[in-house]
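**Student:**
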Amino acid sequence: LWRGPLPALAAGACLHCEGNCSGFQPHSWRKVCTSCGCNSIDHITTEAEEDQRMGRLLSDTPCGHMTQKVKGGGGLRLYKRNRLIVTNPHVSRKDPSFSTTAYQWAPSTTHKLAVQFMGLLPQQCRPISGTQGALERSRQLQIQLPVYDQDPMNTLHPRPLM
Numbered sequence: 018l019w020r021g022p023l024p025a026l027a028a029g030a031c032l033h034c035e036g037n038c039s040g041f042q043p044h045s046w047r048k049v050c051t052s053c054g055c056n057s058i059d060h061i062t063t064e065a066e067e068d069q070r071m072g073r074l075l076s077d078t079p080c081g082h083m084t085q086k087v088k089g090g091g092g093l094r095l096y097k098r099n100r101l102i103v104t105n106p107h108v109s110r111k112d113p114s115f116s117t118t119a120y121q122w123a124p125s126t127t128h129k130l131a132v133q134f135m136g137l138l139p140q141q142c143r144p145i146s147g148t149q150g151a152l153e154r155s156r157q158l159q160i161q162l163p164v165y166d167q168d169p170m171n172t173l174h175p176r177p178l179m
């Protein structure tokens, strides 16, 4: 049986239950919530959890410069998240005004290329903060980078390393 809670998935609100779920409560051996029965990827993870996951993944690679060491973290590295804010002026006869778009994540490149990249994504897939696109990106990261692939202690049956 499971030997403890899933630390990277604990207490995220459910995207499907809309307030009926108190937060992700891991089942002892399935990847579902005992509160609502939804899959673990249907629960919101925090940016800190995503940054830990990405930092662990990138720490010993040529992309290690995209991480930063946590002070007093015992070697823990966090992903340095790139954010993008695009300001579009609205020209009118009287007062000029601006609309800004804040992206939750952006590729680590020049501002011009990042704006071009985001413009090529379909509108519903753009990771704009607080939108369905940002939640979908988070869901995709949970599927592509499961916690048990990065930390052997999060598997159901940890085996000693040979």
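Count along the sequence shown from 1, then add 17; that gives the number in this note's numbering.
Don't be surprised by glycine CBs; every beta carbon is placed ideally from N, CA and C.
Excluding five sequence neighbours on each side, which residues of the same chain lie with their C-beta closer than 6 Å to the C-beta of Asn99?
**Tutor:** Here residue 99 refers to the residue found at position 82 when the sequence shown is read from its first residue. Around Asn99: Ala123 and Ser125.
**Student:** I'd like to check one pair, Asn56 with Lys48: are the Cβ atoms closer than 8 Å?
**Tutor:** On the sequence shown, residue 48 is found 31 positions in, with the first residue counted as 1. On the sequence shown, residue 56 is found 39 positions in, with the first residue counted as 1. Yes, Cβ-Cβ distance for Lys48 and Asn56 is below 8 Å.
**Student:** Should His60 go down as buried or exposed, given a rule of 16 or more other Cβ atoms within 10 Å for buried?
**Tutor:** Here the question's residue 60 lines up with position 43 in the sequence shown. The residue is buried, with at least 16 neighbouring Cβ atoms inside 10 Å.
**Student:** Look at the Cβ atom of Gln167, then the Cβ atom of Leu74, and state whether they are nearer than 8 Å.
**Tutor:** Taking the sequence shown and counting its residues from 1, the one referred to as residue 167 is at position 150. Taking the sequence shown and counting its residues from 1, the one referred to as residue 74 is at position 57. Going by C-beta atoms, Gln167 is nearer than 8 Å to Leu74.
**Student:** From the DSSP secondary-structure annotation, give me the bridge partner or partners of Tyr120.
**Tutor:** In the sequence shown, counting from the first residue as 1, residue 120 sits at position 103. The partner list for Tyr120 (beta bridge, DSSP) reads Leu101 and Ile145.
**Student:** Taking 8 Å as the threshold (C-beta atoms), are Phe41 and Cys50 in contact?
**Tutor:** The residue you call residue 50 lines up with position 33 of the sequence shown. The residue you call residue 41 lines up with position 24 of the sequence shown. Cβ atoms of Cys50 and Phe41: closer than 8 Å.
**Student:** Check Gln140 in the structure and name its three-state DSSP category.
**Tutor:** In the sequence shown, the residue the question calls residue 140 occupies position 123. It is helical.
**Student:** Find out if the Cβ-Cβ distance for the pair Gly150, Arg156 is shorter than 8 Å.
**Tutor:** What you label residue 150 is simply residue 133 of the sequence shown in a count that begins at 1. What you label residue 156 is simply residue 139 of the sequence shown in a count that begins at 1. No, the Cβ-Cβ distance between Gly150 and Arg156 is not below 8 Å.
**Student:** By how many angstroms is the C-alpha of Cys80 removed from the C-alpha of Phe115?
**Tutor:** Numbered from 1 along the sequence shown, position 98 holds the residue referred to as residue 115. Numbered from 1 along the sequence shown, position 63 holds the residue referred to as residue 80. Each residue's alpha carbon lies about 35 Å from the other.
**Student:** Quick one: measure Cβ to Cβ for Ala119 and Ser146, integer angstroms, because I've assumed they're closer than 8 Å.
**Tutor:** As a working note, residue 119 is residue 102 in the sequence shown. As a working note, residue 146 is residue 129 in the sequence shown. Rounded, the Cβ-Cβ distance is 5 Å, consistent with contact.
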